[in-house]
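Taken in order, these protein sequences are the chains called H and G.
Under my numbering, the first residue of the first sequence is numbered 15, with each subsequent residue one higher.
Under my numbering, the first residue of the second sequence is numbered 2, with each subsequent residue one higher.
Here is the structure we will look at.
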Amino acid sequence: MSQTMAVKNDPFGSASTGKLGMWLFIIIDGLSFGGLLIGGVALRAGGAFWPEPGQVLNIPLTAFNTFLLICTSFTMVMALNAVQKDDQKGLIKNLILTILGGFIFLSIQGYEYYHFIAGSEHLAEKLSHAGIANATNFIPSTSIYAASFYIVTCFHGLHVLSGVIFIACVLAAAMQGHYSSQNYDKVEILGLFWHFVDLVWILVFTVVYLI
Amino acid sequence: MAEHKQSFITKYIFSTDHKMIGRQFLWFGLFWLFWGGLQAMLIRWQLAFSGQAVPIVGKLLWPASDGIITPDIYNQIFTMHGTIMIFWAITPLLTGAFGNFCIPLQIGAPDMAFPKLNMLSFWTFFLSGVVLFISHFLPDGPASAGWTSYPPLSTPVGGIPGQGQTLWVLSLTLMGTAVLMGAINYVTTVIRYRAPGMGYFKMPLTVWGMWLSAMLNALFVPIIAAGLVFLLLENVFGTQFFVAGNKATIEGGDPLLYQHVFWIFGHPEVYILILPVWGIVSDLLSTFSRKPAFGYKVTATCMCIITGLSGIVWGHHMYTTGMSPLLGKAFMFLTLLISIPSSIFFLNWLGTMWRGALRFTVPMLFTMSVVFVFGLGGLTGLYLATVTSDIYLHDSMFVVGHFHYTLAASVLMASFAAIYYWFPKMFGRKLNSLLGKIHFWLTFVSLNVVFFNMMALGYAGQHRRLFDPYVFDFIKPLQPMNFKITMWAFLLGVAQVLLVINIIWTLLKGKKASKNPWEAGTLEWTLDYPIPHGNFKETPTVYTGPHEYSNPLLKDRDWISQSEPLEGAS
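Shown next, in the form of structure tokens:
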């Protein structure tokens, strides 16, 4: 049931049904992120305690992570470019690179979480320096700041995870030679999602870490 | 399209056919309507016979209190009544059942754009219902912070004990996910799957209503999802986003943040529920007045304008939260602006009926009653939109009456209209008209007595959600009125049995309906029952608008299907 029967001269152009669905999903998802980010910002504006940037969160480490994620956006573009030129090897290679990038991103985030949840004397010192006294670890109930951090980064992390799974599915199909220069809609839709996840991360990084 | 073989499971349970999913949503919604309706009866019992044991079911439900409704139980009942009716009864009925059933058929599509997503949407919705249902059997009972679940009542700090609130949040999140899947499907289907010739201004207004409502869902359900995630963390991980208390003196959590998030979604939500109603009413009025819908394009445009405005008026639910007077006035102005497009299409409805050849069938009776109750509901909304009068009426029974006039009355009556109208196409049989008419008159009269008197109660000062209002001396004289409302509410409840009987009897023994029993012009009536998976044998080409009734160019009948060219038209 994949035939498209839209009226001619449709003002919404010739995007495929799947692509249109993904765009709608991106709008919905963007608004969810907006709700979570603005929630934190509103509390902060309302006078909730907020440490200075870099006092608690490790900016250089996450900056590297951000760079990594932007690189995976690049490899995703290369994958689409490859399939448009019927370059099956290039498609598979770039998809694998993207998965790898997403995986490393998640690992670094997991390391960051572990470091916060396990706690250490060094962390306790850092926290008390930032104004959070008597805390040996940094968990959602530590403060509103901590909760906002976890809620947004965890929501994004789940997106990266679903993205990695999504890429794995497309990769499996690509290995069986499902895609070609005539049929690459799925790859393009996957790209839309992945770029969205990257773009949102840049916002999250800015709002949660840098400001 | 050839009919392919399907097993029982893929045909009736995990079906990807939009018509089957629509029917599933219909039964699902009707079940919850019944459940929420029972809770309404219990609320009315308490308000009329405060402190007396509920007969028959009381001892079964609450053996601990000997069948008497305690304050805790009362809070749980009105919370669940509101939650269930809004999210699990009328959402599945109109958007779920008739959105699914009508959109592809009325635009000439073989199915929804994403049939599997559609199936997933129903089953996620079903799962959310299961979670909510289970919450009734928790040791501390279900959520009891009101359907709005304002903090601090809904948070562990200073809130109500028990896991009911957590399950409430979980089920609502699941429900939101299901609704979003539906929204993606509806919007995409209308944009991509219209048959050749079916321009946007040739779509039936039902489709317009469903489409706009899906867009609002897509835009605003994510906001409440964010709020629900916050609330979930409050309940599960002990965060304090919404707590203004001792810890808040350092932390600065804000209960108002939840109210904002809730109403940013909550106000569009009422339009999400009412937009399909406007569409259905516009179409049905035209069909049964045997006249084109008066000002079709204007009605569609007005619905679009209201869709836009509905997103920027949420503050009118929060006038009493100490919001800045300037902000209050801005929200008041924007809210009152909505009355302009609303009045325009309301006038269009009257214009449609004006000098038409009215056919008083059961769906028409229900549709006309929507015009009446929606008019009343809309007018009383003005008092709540105006800051000065709202300060007095806020959180009173007036709000309850107004809200029930717009949602319980308008949406419910339109759901009934839709059930009576599309039943022949959904199940091949026409519901009994005499039973339907008795059902209509009982429902219409009792519903008006109940909700109109509620507004009077509120005007006299009775607050809503009071467990025992008569502890206040000034409410004591209102007891007889409450008693009267309760009696009529019971009649309203009992009257619904007629619908149940009618549906069961018709499904078993009802008269087989002809292909186009209402002589309507929209595309679904060109198909024979049962409609095969894939709907149209050949994709129809659309020539005329959806309401070409009594066109002078028509010779032997007064209607023409949208897929027939009009002879002699230029």
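Each residue gets a CB set at the ideal place from its N, CA and C atoms; glycine is no exception.
CB-CB under 6 Å to residue i, same chain, minus the five flanking residues each way: which ones, in chain order?
i, result
"H317/G", "F332, T336 and A386"
"R45/G", "T487 and A490"
"G54/H", "S162"
"P425/G", "K431, A514 and P518"
"D469/G", "S51"
"N218/G", "V180, A184 and I273"
"S562/G", "G522 and T527"
"D18/G", "H534"
"A90/G", "G30, W33, L34 and G37"
Should residue i go down as buried or exposed, given a rule of 16 or more other Cβ atoms within 10 Å for buried?
i, result
"G205/H", "buried"
"Q53/G", "exposed"
"T31/H", "buried"
"L493/G", "buried"
"R356/G", "exposed"
"W618/G", "Because chain G here runs from 2 to 571, residue 618/G falls outside it and cannot be looked at."
"T389/G", "exposed"
"H136/H", "exposed"
"L638/G", "This structure cannot settle anything about residue 638/G, because the visible part of chain G is limited to 2 through 571."
"N101/G", "buried"
"D1/G", "No answer is possible for residue 1/G: it lies beyond the span of chain G, which begins at 2 and ends at 571."
"K538/G", "exposed"
"A132/H", "exposed"
"C183/H", "exposed"
"V371/G", "buried"
"P81/G", "Here residue 81/G turns out to be Met, not Pro, going by the sequence shown. It counts as buried."
"L172/H", "exposed"
Sorted by chain position, which residues of the same chain lie with C-beta nearer than 8 Å to residue i's C-beta, five sequence neighbours on each side aside?
i, result
"P162/G", "D141"
"Y5/H", "This structure leaves residue 5/H out entirely; chain H is present only between 15 and 225."
Note down, in chain order, each residue of its chain lying with its Cβ closer than 7 Å to the Cβ of residue i, except the 5 sequence neighbours on either side.
i, result
"I224/G", "V262, I265 and F266"
"W36/G", "I85"
"L257/G", "T322"
"L554/G", "L567, E568, G569 and A570"
"L377/G", "Y406"
"Y460/G", "F399"
Starting from residue i and walking both ways along the alpha helix (DSSP H), at which residues does that stretch end?
i, result
"A96/H", "I73 to Q98"
"Q260/G", "P256 to S290"
"A188/H", "I158 to M189"
"M354/G", "P326 to M354"
"A409/G", "That residue, A409/G, is in no alpha helix (DSSP H); it is neither H nor E in DSSP."
"F367/G", "V363 to A386"
"M129/G", "Note that residue 129/G is Ser in the sequence shown here, rather than Met. Where S129/G is concerned, the enclosing alpha helix (DSSP H) stretches over P116 to S136."
"I502/G", "Q480 to K510"
"E202/H", "D199 to V218"
"T112/H", "Q102 to A132"
Suppose you measure from the CA of residue i to the CA of residue j; what does that come to, to the nearest Å?
i, j, result
"L528/G", "F367/G", "25 Å"
"E235/G", "F9/G", "44 Å"
"L206/G", "W423/G", "15 Å"
"A62/H", "T321/G", "23 Å"
"W560/G", "I78/G", "48 Å"
"M319/G", "Q241/G", "22 Å"
"K477/G", "R193/G", "59 Å"
"G115/H", "C85/H", "8 Å"
"I532/G", "I52/H", "47 Å"
"D255/G", "Y151/G", "11 Å"
"P293/G", "W279/G", "16 Å"
"I226/H", "M90/H", "No statement about residue 226/H is possible, as the shown extent of chain H runs from 15 to 225 and does not include it."
"G165/G", "L111/H", "45 Å"
"M199/G", "F123/G", "28 Å"
"K203/G", "P547/G", "6 Å"
"L436/G", "I108/G", "32 Å"
"A149/H", "Y223/H", "20 Å"
"Y193/H", "A187/H", "8 Å"
"V363/G", "Q497/G", "15 Å"
Contact between the stretch 294–310 of chain G and the stretch 433–447 of chain G: three or more CB pairs below 8 Å?
no
When the Cβ atoms of the stretch 181–191 of chain G are set against those of the stretch 284–300 of chain G, are three or more pairs found closer than 8 Å?
no
Would the stretch 509–519 of chain G count as touching the stretch 410–430 of chain G if we require 3 or more Cβ pairs under 8 Å?
yes
Report yes or no: do three or more beta-carbon pairs, one from the stretch 148–166 of chain G and one from the stretch 97–110 of chain G, lie closer than 8 Å?
no
Within 8 Å, do at least three Cβ pairs link the stretch 446–466 of chain G to the stretch 394–412 of chain G?
yes
Should the stretch 117–132 of chain G be regarded as contacting the stretch 16–34 of chain G, the criterion being three or more beta carbon pairs within less than 8 Å?
yes
Per the contact definition of three or more C-beta pairs closer than 8 Å, is the stretch 205–217 of chain H in contact with the stretch 36–45 of chain H?
yes
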